[in-house]
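Novice:
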Amino acid sequence: SASALERKEYIVYMGEHLKGVTSAESVHFSMMEQVVGSAASEHLLHSYKYSFSGFVARLTDEEMKTMSRMEGVVSVFPNRHRKLH
Amino acid sequence: TTRSWDFMGFPIVSERTPLESDIIVGMLDTGIWPESQSFDDQGFGPPPAKWKGICQSPTNFTCNNKIIGARYYNGYHFLLPGEILSPRDSEGHGTHTASTAAGRQVVGANLGGLAEGTARGGVPSARIAVYKICWAFGCADANILAAFDDAIADGVDIISLSVGGPFLLDYFEDSIAIGAFHAMKNGILTSNSAGNIGPALGSIENYSPWSLTVAASTIDRRFVSNVNLGDGRTFEGSAINTFDLGPRMHPMIYAGDAPNTSAGYNGNQSRYCFSGSLDEKLVRGKIVLCDSPRIGAVRAGALGAILQTSFPYIKDLAFVVPVPITLVEMQDGGNITLYIKNTSQPMGNILKSQEEKDPRAPFVIFFSSRGPNRITPSILKPDLTAPGVDILAAWSPISPPTGSPEDTRSVTYNIISGTSMSCPHATGAAAYVKSFHQSWSPAAIKSALMTTAYPMDPRVNPDTEFAYGAGHINPRAAVKPGLVYDADEGDYVRMLCGQGYNATTLRLLTGDNSTCTSSNNGTVYDLNYPSFALAAASGTPFSVIFHRTVTNVGLPNSTYTGSFGLLGSSEVGLRVTPRVLSFQSVGQKMSFTLTLQGQITVRMPTIFLTWDDGVHKVRSPIVVYPS
Chain Y
8 SASALERKEY
18 IVYMGEHLKG
28 VTSAESVHFS
38 MMEQVVGSAA
48 SEHLLHSYKY
58 SFSGFVARLT
68 DEEMKTMSRM
78 EGVVSVFPNR
88 HRKLH
Chain E
2 TTRSWDFMGF
12 PIVSERTPLE
22 SDIIVGMLDT
32 GIWPESQSFD
42 DQGFGPPPAK
52 WKGICQSPTN
62 FTCNNKIIGA
72 RYYNGYHFLL
82 PGEILSPRDS
92 EGHGTHTAST
102 AAGRQVVGAN
112 LGGLAEGTAR
122 GGVPSARIAV
132 YKICWAFGCA
142 DANILAAFDD
152 AIADGVDIIS
162 LSVGGPFLLD
172 YFEDSIAIGA
182 FHAMKNGILT
192 SNSAGNIGPA
202 LGSIENYSPW
212 SLTVAASTID
222 RRFVSNVNLG
232 DGRTFEGSAI
242 NTFDLGPRMH
252 PMIYAGDAPN
262 TSAGYNGNQS
272 RYCFSGSLDE
282 KLVRGKIVLC
292 DSPRIGAVRA
302 GALGAILQTS
312 FPYIKDLAFV
322 VPVPITLVEM
332 QDGGNITLYI
342 KNTSQPMGNI
352 LKSQEEKDPR
362 APFVIFFSSR
372 GPNRITPSIL
382 KPDLTAPGVD
392 ILAAWSPISP
402 PTGSPEDTRS
412 VTYNIISGTS
422 MSCPHATGAA
432 AYVKSFHQSW
442 SPAAIKSALM
452 TTAYPMDPRV
462 NPDTEFAYGA
472 GHINPRAAVK
482 PGLVYDADEG
492 DYVRMLCGQG
502 YNATTLRLLT
512 GDNSTCTSSN
522 NGTVYDLNYP
532 SFALAAASGT
542 PFSVIFHRTV
552 TNVGLPNSTY
562 TGSFGLLGSS
572 EVGLRVTPRV
582 LSFQSVGQKM
592 SFTLTLQGQI
602 TVRMPTIFLT
612 WDDGVHKVRS
622 PIVVYPS
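Heads up: the protein sequence lines correspond to chains Y and E, in order. When we follow this note's numbering, the leftmost residue of the first sequence carries the number 8, and every step to the right adds one. When we follow this note's numbering, the leftmost residue of the second sequence carries the number 2, and every step to the right adds one.
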């Protein structure tokens, strides 16, 4: 269905820094390539690389499920909006 | 803050360390108004050497030696009118929280003459690093995580985050808990607001064990805007009303007598003061009495409005109003209605607000989110409470103080309420403790704040610890707690094992070979937390042992005796073993167990475990409640 193909913003959280990896961004890009294919750079929005590992990506429902099963992924969750208290 | 710090016994002249100016407070919020007097850098030296951040200043925004860093995170969202693509705060909230945590002293701060005094943060000499994560659409998780990622790397000492959402999320699907976890790993305590959806139980929005969760309570200052009637009577109204209508009386009209009939309204509709329901000719220049808290009368040209409300907490907090408005209780509103109905030329006035002393203070405000913690019921949340009601602090002059389009005022200080306001008080207190003890872990700082908190009165706080946690912050005492319940990343990992996380996930979180074994599984009770909570099956006997370790940070040779303070009678048996802890050195650790045995069908009355060496009282609440 159309909604299943619709891309939404997700956070792919991968925990602590990847040990022995020089570029977290390249790891994140490689994961996106595996799941999204040639559109990886278009849909990889931001990499967390200084204090922990993870990235923000636009994914379909199916891609989100695939991503959440990948090695090294702690969780994949939607980019929700919080409110000021 | 012109009253809040004094109210908690933390006067302007408190002991300070020169190292306070090395403390960097990271504010994740709506940005900052850098020209505010609260952030003047006169007298400040260059940023501390440990600072690695930047000042992202696209246009018209510059940092100084007080605001040493600033970044903004907009993701991929369009700006709404009035928003500024820079760390500059067009909302006011971030300026307010930053000045509460670490603003410098500003004499004579006030809002229209109200709450006048010296505004100040908890650590006036500390530096501020700004991470603008919130925009008109809200605060996206992606922005929150990006800010944590940068702030940790930049070298901040404390993180303050006054946002949340009504989502019940696993810790590692929650951006705030994830960010705070990595902050903790890097020695940074995150102070979080509890949430504003109380008083329902279980409404806490930030509940991770490694962060400090702060409830909101009142101070002993309340604002009243009274109503005077032509017959000499006065009724108490609730509002932060800066408008002075002068000494003379003004004509009054009941909204039900001024329907906009040309638009099809009758008196039964206009009495509620919906916009457009009132006849402008009849209300213009008059004080209108409305049967509901709506501002349609002012939009129709009224001089002012008296709004009746059945809201039960009207005397607990007041809101800044954009025009001369005050809220009155229904009974008083009924009397004012009778006066208007039975008087040929009813006259009255709405007085500019006055400050009154509130002898009930402090109590936790109704909106402050309550425990228990629904993700980990055996970790008590909130952790403590701090002032969050009618707090005056710095503001962005381009943002109306009420946010209302009717409000044309530009102010540099504003009075607002929320757990957003209590959180930076705790942040400031945590930074104050850190300035004296720069090597202390986030858990040790949190422990110091919790075990030295002032006891709250359960008679005015029926939700007791679920409302206020360990009690009300007491910054001066927190610097000298005597003992601390310390914890490191490994302790939280062991707790997470007990929570059911598998080794694969934990290894990713920690980046090492952490694993769950039979010896560290099922140990939520044993997280070295400064409070004790047990969710017990109703009517089922239980026997639970909590293991704790305390570190001596007081006198080298000190002997602490454990005792229980009980308010009311308890069906639960309590035992602490050993009852005496004798320390020979600072930094020495000693362990004890707390055993709870019994059976409950209702929540156990408040009990404290207190370790006392004659100088320090190290107090922890014990909460047993039906799961």
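Yeah, the Cβ is synthetic: ideal placement off N, Cα and C, and Gly gets one too.
Once DSSP output is grouped into helix, strand and coil, what is the label at P402(E)?
Specialist: Three-state DSSP puts P402(E) in coil, outside helix and strand.
Novice: Starting from N269(E) and walking both ways along the alpha helix (DSSP H), at which residues does that stretch end?
Specialist: Looking at the DSSP string, the run of the alpha helix (DSSP H) that includes N269(E) is G268 to S271.
Novice: What are the residues in the region 38-67 of chain Y lying within 8 Å of chain E by C-beta distance?
Specialist: Flagged, chain order: L52, H53, Y55, K56, Y57, S58, F59, G61 and V63.
Novice: Quick check on DSSP: helix, strand or coil for E572(E)?
Specialist: Three-state result, E572(E): coil.
Novice: Rounded to the nearest angstrom, what separates D280(E) and T262(E) at their Cα positions?
Specialist: Answer to the nearest angstrom: the Cα atoms are 7 Å apart.
Novice: On the criterion of 16 or more Cβ atoms from any shown chain inside 10 Å, does I179(E) qualify as buried, or is it exposed?
Specialist: I179(E) should be labelled buried.
Novice: Please work out which residues of its chain come closer than 8 Å, Cβ to Cβ, to N269(E), disregarding the five sequence neighbours upstream and downstream, and give them in chain order.
Specialist: Answer for N269(E): G257, listed in chain order.
Novice: Taking the straight line between their C-alpha atoms, what separation do you get for D384(E) and F62(Y)?
Specialist: So the two alpha carbons sit approximately 31 Å from each other.
Novice: Exposed or buried, N685(E), counting other C-beta atoms within 10 Å across all chains shown (16 or more means buried)?
Specialist: For chain E, the structure presents residues 2 to 628; residue 685(E) sits outside this window and is missing.
Novice: Using the C-alpha atoms, what's the distance from W34(E) back to Y57(Y)?
Specialist: For Y57(Y) and W34(E), the distance between alpha carbons rounds to 27 Å.
Novice: Any C-beta of chain A sitting closer than 8 Å to the C-beta of H35(Y)?
Specialist: No chain A appears in this structure, whose protein chains are Y and E.
Novice: Which residues does DSSP list as the beta-bridge partners of T416(E)?
Specialist: The sequence given here has Ile at residue 416(E), not Thr. Beta-bridge pairing links I416(E) to L393(E).
Novice: Can you tell which of G334(E), L283(E) and R285(E) has its C-alpha closest to the C-alpha of P294(E)?
Specialist: Among G334(E), L283(E) and R285(E), the Cα nearest to that of P294(E) is on G334(E).
Novice: Apart from the five residues on each side of it in sequence, which residues of its chain come closer than 6 Å, Cβ to Cβ, to K1(E)?
Specialist: Lying before the first or after the last residue shown, residue 1(E) is absent from chain E, which here runs from 2 to 628.
Novice: Counting along the chain, where does the alpha helix (DSSP H) carrying I177(E) start and finish?
Specialist: Unbroken alpha helix (DSSP H) run through I177(E): S176 to K186.
Novice: Which chain E residues sit within Cβ distance under 9 Å of K90(Y)?
Specialist: What K90(Y) touches in chain E: C135, G139, C140, V164, G165, G166, P167 and N197.
Novice: Going by CA-CA distance only, name the one from H35(Y), V81(Y), R89(Y) and K90(Y) that's closest to Y20(Y).
Specialist: Selected option, being the one with the closest Cα: V81(Y).
Novice: For I68(E), which residues in the same chain have their Cβ closer than 7 Å to its Cβ, ignoring the five residues on either side in sequence?
Specialist: Closer than 7 Å at the Cβ level, and outside the excluded window around I68(E), lie I33, P35, F40, I129 and V131.
Novice: Do we get a CB-CB distance below 8 Å when we pair R87(Y) with the residues of chain E?
Specialist: Chain E contact via Cβ: present.
Novice: Decide if Q346(E) is buried, meaning its Cβ has at least 16 other Cβ atoms within 10 Å, or exposed.
Specialist: Flag for Q346(E) reads exposed.
Novice: Do S5(E) and N197(E) have their C-beta atoms closer together than 8 Å?
Specialist: In this structure, N197(E) does not lie closer than 8 Å to S5(E) by Cβ.
Novice: Any heavy atom of the ligand PLP inside 7 Å of the beta-carbon of V619(E)?
Specialist: Among the components of this structure there are no ligands whatsoever, and the ligand PLP is therefore not found.
Novice: Take A191(E) as the anchor and find which of M28(E), V289(E), G118(E) and I366(E) has the nearest alpha-carbon.
Specialist: The sequence shown places Thr at residue 191(E), rather than the Ala named in the question. The candidate whose alpha carbon is nearest that of T191(E) is M28(E).
Novice: Y561(E) by DSSP, collapsed to three states: which one?
Specialist: Strand, per DSSP.
Novice: Work out the CA separation of E237(E) and N324(E) for me, nearest whole Å.
Specialist: In the sequence under discussion, the amino acid at residue 324(E) is Val, which differs from the Asn named in the question. Rounded to whole angstroms, V324(E) to E237(E) spans 18 Å at the Cα level.
Novice: So what does DSSP say about R460(E), is it helix, strand or coil?
Specialist: If DSSP states are grouped into helix, strand and coil, R460(E) belongs with coil.
Novice: Can you tell me where the beta strand (DSSP E) holding F584(E) begins and where it ends?
Specialist: Note, F584(E): beta strand (DSSP E), V581 to F584.
Novice: Using a Cβ-Cβ cut-off of less than 9 Å, give me the residues of the region 174-187 of chain E that come near chain Y, in sequence order.
Specialist: Residues passing the 9 Å Cβ filter: E174, D175, S176, I177, I179, G180, F182, H183, A184, K186 and N187.
Novice: Closest to S218(E) by CA distance: which of T453(E), G512(E), I366(E) and Q598(E) is it?
Specialist: Of the candidates T453(E), G512(E), I366(E) and Q598(E), the one whose C-alpha sits nearest the C-alpha of S218(E) is I366(E).
Novice: Run through DSSP, which three-state label would E16(Y) get?
Specialist: Here E16(Y) sits in strand by DSSP.
Novice: For R121(E), count the other beta carbons within 10 Å of its own beta carbon; 16 or more makes it buried, fewer makes it exposed. Which is it?
Specialist: R121(E) should be labelled buried.
Novice: Would you kindly report the start and end of the unbroken alpha helix (DSSP H) that includes R495(E)?
Specialist: Counting along the chain, the alpha helix (DSSP H) containing R495(E) begins and ends at E490 to G499.
Novice: Measuring CA to CA, which of A537(E), K287(E) and G588(E) is closest to T602(E)?
Specialist: The residue with the shortest Cα to Cα distance from T602(E) is A537(E).
Novice: For chain E, find out if any of its Cβ atoms is closer than 8 Å to the Cβ of V19(Y); answer yes or no.
Specialist: Taking Cβ atoms only, chain E never reaches closer than 8 Å to V19(Y), which makes this a no.
Novice: DSSP three-state call for C140(E): helix, strand or coil?
Specialist: Here C140(E) sits in strand by DSSP.
Novice: Between V81(Y) and chain E, is there a C-beta pair that is closer than 8 Å?
Specialist: Chain E, which has a Cβ nearer than 8 Å to the Cβ of V81(Y), makes this yes.
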